[in-house]
Every structure is written in C-alpha cells, then in structure tokens.
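Asks:
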Amino acid sequence: MKKPGRKAFAFTLVETLIALFLIGILAGALMLVSFSVSAKAEATRIIEDMRSMKSAAMLYYADFGMWPVWMKSGSTIRDINGRATPGKYLEKIPLGAEYWVGVAGMSGDLGEATVIFVSASVRPMTLERLKVLGAALPLYGMEVTGPTMAIPEKPSPFDASVHNAALWFIRKKQ
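One gets the numbering used here by counting positions in the sequence shown from 1 and adding 38 to each.
(1) Just to confirm before moving on: does the CB-CB distance between V139 and V107 stay below 9 Å?
(2) Are L133 and S90 close, meaning C-beta to C-beta below 9 Å?
(3) Return helix, strand or coil for Y98, following the three-state DSSP convention.
(4) So for R89, helix, strand or coil by DSSP?
(5) Starting from M109, trace the beta strand (DSSP E) both ways and give me its first and last residue.
(6) Distance check for M109 and L58, CA to CA, integer angstroms please.
(7) Can you find a C-beta in chain C that's less than 9 Å from the C-beta of W105?
(8) Suppose you measure from the CA of S111 to the CA of A122; what does that come to, to the nearest Å?
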C-alpha cells in the first residue's frame with residue numbers, strides 16, 4: 039500500500055526507448071570517427087615509412103653512386119644490386135602484413151626515374167586517406183614537379199611499367 043504524500047518516480051517505456059535511441063546514435067557517430075582516425079593514422083604511418091625509405095635511398099646513393107632497387111623477398115626487403123639493404127640505413131624496415139615500401143628504378147623512352155612505392159593491401163578507407171596525404175607529398179625534394187599517380191581501389195603488386203601504387207619520385211626524369 040502507498041503511503042500518503044509520497045510520489046512514485048519511475049521511467050516510462052517511451053523515456054527508456056528515447057534514451058536507448060540517443061545512446062545508439064552517439065555510439066554510431068563514435069565508431070565513424072574512430073574508423074576515420076585509425077585510417078588517417080595508418081596512412082600517415084605509410085607516408086612516414088616512405089620518407090624513411092627516401093632518406094635511406096639517398097644515403098645509399100651517397101655510398102654507391104647509384105640508386106638502389108629494393109624489393110620484397112620473403113619476409114625482408116633485399117637489394118637487387120646486391121650491395122646494401124635498407125636495414126643498413128634504417129632502424130626498422132617498412133615491411134608489414136598490409137603493405138611494404140620499396141624503391142625501384144625505371145628506364146624508358148621518357149628517361150629514367152627512381153621511385154619510392156607502396157605495395158598496399160589496406161582497407162579502402164586507408165587508401166582514401168593515402169590519396170589525400172599522398173597528393174601533398176613533396177616530390178623531388180620540396181616541389182611537386184611531376185605526376186602523382188592515382189591509387190587504385192584494389193592495388194596489385196608493384197609493376198614498374200604500370201606504377202599501380204603510391205609513388206614518390208626521388209630523381210627527375212632525364
């Protein structure tokens with residue numbers, strides 16, 4: 039039996055449903071933001087690995103007077119020229135489960151170019167962020183004087199004749 043003068047306090051079903059609905063909206067928004075942040079972080083890590091490989095390639099050039107050709111070989115990156123691997127110049131070789139960074143030279147009718155490339159099999163959202171960040175890469179030092187290549191939705195392994203990855207040129211075409 040109720041005591042006189044006391045009012046019962048309780049949430050109605052409608053109030054509870056509204057509260058759950060608002061919590062669901064907030065949780066969904068948080069998930070979208072966290073996916074975007076993790077994609078940006080991953081793309082930034084790839085760009086930093088490309089910068090590290092650029093520095094290593096320049097040190098290699100200073101040592102040997104030629105540009106390296108560093109390609110993935112099993113669980114490491116090796117030098118096609120048989121001289122020095124990027125491990126000589128870097129603390130950590132940029133080789134992971136989802137991507138790896140290499141250096142390749144290419145000669146053709148248009149001249150020669152040496153590029154830093156990323157062979158990636160990362161999430162589509164990371165590729166979108168990489169497109170945005172990659173567009174601002176300082177090609178040839180601090181100026182963008184050459185083409186930037188589009189990153190396809192599903193990149194295949196690097197092919198020097200097609201350039202199907204994010205590219206960073208470190209030597210101008212002759």
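We put the beta carbon where it would ideally sit given N, CA and C, even for glycine. Since the structure is predicted, the reported quantities are computational estimates derived from the model, not experimental observations.
Replies: Result, derived from the coordinates:
(1) Locating residue 139 in the sequence shown gives position 101, counting from the first residue. Locating residue 107 in the sequence shown gives position 69, counting from the first residue. In this structure, V107 does not lie closer than 9 Å to V139 by Cβ.
(2) Counting from one through the sequence shown, the residue named residue 133 turns up at place 95. Counting from one through the sequence shown, the residue named residue 90 turns up at place 52. The answer is no: Cβ separation not under 9 Å.
(3) Indexing the sequence shown from 1 puts residue 98 at position 60. Three-state DSSP puts Y98 in a helix.
(4) Here residue 89 corresponds to residue number 51 of the sequence shown, with the count starting at 1. Here R89 sits in helix by DSSP.
(5) Here residue 109 refers to the residue found at position 71 of the sequence shown. Its beta strand (DSSP E) spans residues W108 to S111.
(6) Residue mapping note: residue 58 aligns to position 20 of the sequence shown, counting from 1. Residue mapping note: residue 109 aligns to position 71 of the sequence shown, counting from 1. So the alpha carbons of these two residues sit roughly 52 Å apart.
(7) No chain C appears in this structure, which consists of one protein chain only.
(8) Along the sequence shown, read from residue 1 onward, the residue named residue 111 stands at position 73. Along the sequence shown, read from residue 1 onward, the residue named residue 122 stands at position 84. Here the C-alpha atom of S111 lies approximately 14 Å from the C-alpha atom of A122.
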